[in-house]
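Engineer: Protein chains in written order, with the UniProt record's numbering: chain A, 1 to 156; chain B, 1 to 326. Can you read through this structure? Questions will come right after.
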Amino acid sequence: MKPIHSIIIVLIIILSGCNRNNENNINEKASVSALDALPENPLLLSPITFSINPNKATMSTLYGNKIAFQHAKIKADSSYPNGAVLYEVTWKQKADSLWYGANIPDKIISVEKIQFTGNTAPKYELYAGHPLKKVSSNDENKRTTIILSKGMVETP
Amino acid sequence: MKKGLKIFAILLLVFIALQFWKPEEIEYSTPTKDFTNVPAEVNTILRNSCFDCHSNTVNLAWFDKITPANFIVASHIKDGRKALNFSDWDKLEKPKQSATLYYAFNKILSGEMPLKSYTALHPSAKLEDSSVEVLKNYLTTIAVRKTNPAIPSIAAPKGIEKILPNKKITDYTKVKATLNNISYIPDFRNWKAVSTSDRFDNGSMRIIYGNEIAVKAIAEHQTNPWPDGAIFAKTAWKQKIEADGTISAGAFIQVEFMIKDAKKYEATKGWGWARWKGNDLKPYGDNANFDQECISCHNPVKNNDYVFTTPLHLDINKFNIYNKNK
């Protein structure tokens with residue numbers, strides 16, 4: 001065998017071996033990255049409910065920290081206790097390449113944070129852009145009301 | 001030379017003799033009427049590419065009738081009909097018809113159907129790109145949720161679909177196990193969401209939860225294969241259209257689990273498969289082999305350890321690096 005042939009064969013084996021290791025299929029694009037200027041990673045909190053906006057082709061999941069999640073479990077109202085933190089994460093949708101008939105999360109387009117501190121009104125923050133960073137919002141009150149009206153999605 | 005001829009003659013005789021040995025006669029051809037409520041061109045495509053194995057109307061080529069080919073053909077037809085028989089179309093309820101067509105279409109997209117061994121000999125059954133497009137356009141019209149859903153004229157009173165607290169199951173040990181012996185896992189609501197899915201085909205929406213082991217595997221990029229102990233819970237709710245055109249999660253439909261244990265569940269591709277339906281969490285399946293249905297549909301993603309979902313990256317450490325550097 002000519003040496004060039006052995007080199008090619010070895011290269012093919014190495015390359016296909018590398019491919020195998022990368023077959024982990026993680027939806028990196030839809031995840032929070034280290035560059036996003038968020039106070040914490042909301043995707044690690046507990047999902048309370050989720051929604052879809054078909055006209056904008058977006059999908060959102062409402063996450064809560066432990067205090068918020070415990071509250072949502074027992075009460076379907078917006079009177080979250082002190083210390084509760086909610087995050088509404090909104091993704092652009094994409095077609096699921098493995099199932100015609102499904103849409104799944106693509107890029108995160110916004111993260112909204114609502115924090116309950118003491119007796120004052122809950123604090124609203126909006127993060128948008130790529131990477132995500134804090135921006136000002138002009139419908140803070142409307143968004144707060146909408147997000148707080150979402151109850152826990154029910155399972156038996 | 002003469003010897004060669006002799007061998008040839010013997011082989012020919014054997015071959016002819018073989019022709020008397022035929023597979024058990026199956027009902028080869030009774031006409032199937034056109035699908036009700038399905039456009040003619042869709043009908044033609046399915047007839048042309050799928051009916052030989054998935055209907056009672058079979059158009060065999062001459063070479064399909066020769067032994068031993070006929071044995072292979074007969075077994076394809078038998079198995080094919082068992083999995084899906086388009087001649088029974090009218091017996092299906094409408095939602096089931098749509099689900100069947102979506103399932104069939106996804107089997108075409110994944111390249112599993114029509115069987116490759118069949119299209120190699122019957123090239124006319126191969127689907128042209130234009131036929132795939134025709135099917136896709138038709139499916140879009142039968143999706144339970146259209147791209148721009150009609151907004152209900154009267155907004156449903158809030159909370160009407162909520163389960164009353166007293167209907168909520170309090171003692172999960174009373175939930176029956178599935179027939180393949182998997183017990184209900186009640187605490188998935190405390191797991192992390194690894195993804196969500198908007199199923200416009202059947203008007204449902206899903207959260208796919210992963211347990212701690214699954215989440216750790218994601219963080220460590222050890223997801224193919226998934227480690228033993230990893231569990232997914234996929235919960236489906238009905239899509240409920242709100243007054244402003246957005247969609248929220250309505251009534252609970254079902255929860256399904258995939259439990260990884262390469263040894264214990266070796267016979268079912270390394271996963272334990274289970275589903276509980278409705279607010280009374282009725283275990284799904286008529287017999288212990290109901291999980292074959294799950295595996296058949298998950299088969300196109302077998303190189304991905306039978307998992308469809310591409311999970312969100314849930315790496316805690318990666319994120320903390322940012323916070324520390326801030």
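In this text, a Cβ means the ideal position worked out from N, Cα and C, and glycines have one as well.
Which value, in whole angstroms, describes the spacing of the CA atoms of Arg143 (chain A) and Ser137 (chain A)?
Structural biologist: Distance between the alpha carbons of Arg143 (chain A) and Ser137 (chain A) is about 9 angstroms.
Engineer: By how many angstroms is the C-alpha of Ser296 (chain B) removed from the C-alpha of Gly270 (chain B)?
Structural biologist: 14 angstroms
Engineer: Within the 8 angstroms Cβ cut-off, does Glu88 (chain A) reach chain B?
Structural biologist: no
Engineer: Count Cβ pairs between the region 281–293 of chain B and the region 92–107 of chain B that sit closer than 8 angstroms; are there 3 or more?
Structural biologist: no
Engineer: Cutting at 7 angstroms between CB atoms, please list the residues of its own chain near Arg199 (chain B), excluding the five before and the five after it.
Structural biologist: Cβ contact annotation for Arg199 (chain B) (same chain, cutoff 7 angstroms, sequence separation greater than five): Met205 and Arg206, in chain order.
Engineer: Given that a residue counts as buried once 16 or more other Cβ atoms are within 10 Å of its Cβ, and exposed if not, what is Leu164 (chain B)?
Structural biologist: Unreliable positioning characterises Leu164 (chain B) in this predicted model, as indicated by a pLDDT of 47, which lies under 50. A coordinate reading is not provided.
Engineer: Ser246 (chain B): buried (16+ other C-beta within 10 angstroms of its C-beta) or exposed?
Structural biologist: Per the sequence presented here, residue 246 (chain B) reads as Thr, with Ser not at that position. By the 10 Å Cβ count, Thr246 (chain B) comes out buried.
Engineer: Taking its Cβ as the centre, do 16 or more other Cβ atoms sit within 10 Å of Ser55 (chain B), making it buried, or is it exposed?
Structural biologist: buried
Engineer: Identify each residue in the region 37–52 of chain A for which the Cβ-Cβ distance to at least one residue of chain B is less than 9 angstroms, and report them in chain order.
Structural biologist: Ala37, Leu38, Pro39, Glu40, Asn41, Leu43, Leu44, Leu45, Ser46, Pro47, Thr49, Phe50, Ser51 and Ile52
Engineer: Would Pro81 (chain A) count as contacting chain B if we go by Cβ distances under 8 angstroms?
Structural biologist: Judged by the 8 angstroms Cβ criterion, Pro81 (chain A) is not in contact with chain B.
Engineer: So, Val255 (chain B) versus Lys234 (chain B), is the Cβ gap smaller than 8 angstroms?
Structural biologist: yes
Engineer: Mind checking who Ser283 (chain B) pairs with in its DSSP beta bridge?
Structural biologist: One point to set straight first is that residue 283 (chain B) is Pro, not Ser, in the sequence displayed. Note: Pro283 (chain B) sits in a beta bridge opposite B:Trp276.
Engineer: Listing by chain order, which chain B residues have their CB less than 8 angstroms from the CB of Gln93 (chain A)?
Structural biologist: Asp198
Engineer: Can you give the beta carbon distance from Lys107 (chain A) to Lys29 (chain A), rounded, assuming they're within the 8 angstroms contact cut?
Structural biologist: Contact between Lys107 (chain A) and Lys29 (chain A) holds: their C-beta atoms lie close to 6 angstroms from each other, under 8 angstroms.
Engineer: Taking the runs of the alpha helix (DSSP H) that are 4 residues or longer, which of them lie wholly in the UniProt domain "Haem-binding" (12–143) of chain B?
Structural biologist: 40–54, 69–83, 94–109, 116–121 and 129–142
Engineer: Using the DSSP secondary-structure output, state which residues sit across from Tyr63 (chain A) in a beta bridge.
Structural biologist: A:Pro47 and A:Tyr87
Engineer: What are the start and end residues of the alpha helix (DSSP H) that includes Glu293 (chain B)?
Structural biologist: Asp291 to His298
Engineer: Within its chain, find whatever has a CB closer than 8 angstroms to the CB of Tyr306 (chain B); leave out the 5 residues flanking it on each side and keep chain order.
Structural biologist: Met258, Lys269, Gly270, Trp271, Ile295, His298 and Asn299
Engineer: Could you give the DSSP three-state label for Gly4 (chain B): helix, strand or coil?
Structural biologist: helix
Engineer: Taking the beta carbon of Asn325 (chain B) as the centre, do at least 16 other beta carbons fall within 10 Å, making it buried, or is it exposed?
Structural biologist: Confidence in Asn325 (chain B) is poor, its pLDDT being 44 and thus under 50, which makes the residue's placement unreliable; the coordinate value appears in the next sentence. Its Cβ having fewer than 16 others within 10 Å, Asn325 (chain B) is exposed.
Engineer: From the beta carbon of Ile114 (chain A), is the nearest beta carbon of chain B less than 8 angstroms away?
Structural biologist: no
Engineer: Please indicate yes or no: does the CB of Pro42 (chain A) lie closer than 7 angstroms to some heavy atom of the ligand PLP?
Structural biologist: Annotation note on the ligand PLP: not contained in the displayed structure, which lists no ligands.
Engineer: At least one CB of chain A closer than 8 angstroms to the CB of Phe15 (chain B): is that the case?
Structural biologist: no
Engineer: Could you tell me whether the Cβ of Ser31 (chain A) comes closer than 8 angstroms to any Cβ of chain B?
Structural biologist: yes
Engineer: Report buried or exposed for Asn103 (chain A), applying the criterion of at least 16 other Cβ atoms within 10 angstroms of its Cβ.
Structural biologist: buried
Engineer: Of all the CB atoms in chain B, is at least one closer than 8 angstroms to the CB of Tyr127 (chain A)?
Structural biologist: Not closer than 8 angstroms to any Cβ of chain B, the Cβ of Tyr127 (chain A) fails to qualify, so no.
Engineer: With a threshold of 8 angstroms between beta carbons, is Ala102 (chain A) in contact with chain B?
Structural biologist: yes
Engineer: Between which two residues does the beta strand (DSSP E) harbouring Glu256 (chain B) extend?
Structural biologist: Ile247 to Lys260
Engineer: Less than 8 angstroms between the beta carbons of Asn41 (chain A) and Thr310 (chain B), yes or no?
Structural biologist: Against a cut-off of 8 angstroms, the Cβ pair of Thr310 (chain B) and Asn41 (chain A) comes out as no contact.
Engineer: Could you pull out every unbroken beta strand (DSSP E) segment of at least 3 residues lying fully inside the region 69–118 of chain A, listed in chain order?
Structural biologist: The region 69–118 of chain A contains, as complete beta strand (DSSP E) runs of 3+ residues, the segments 85–95 and 102–115 (chain order).
Engineer: For the alpha helix (DSSP H) that Glu212 (chain B) lies in, which residues bound it at each end?
Structural biologist: Glu212 to Ala219
Engineer: Can you list, in chain order, the residues of the region 54–66 of chain A whose Cβ is nearer than 7 angstroms to any Cβ on chain B?
Structural biologist: Within the region 54–66 of chain A, the residues whose Cβ lies closer than 7 angstroms to some Cβ of chain B are Pro54, Asn55, Met59 and Thr61, listed in chain order.
Engineer: Measure the C-alpha to C-alpha separation of Lys78 (chain B) and Leu18 (chain B) and round it to an integer number of angstroms.
Structural biologist: 21 angstroms
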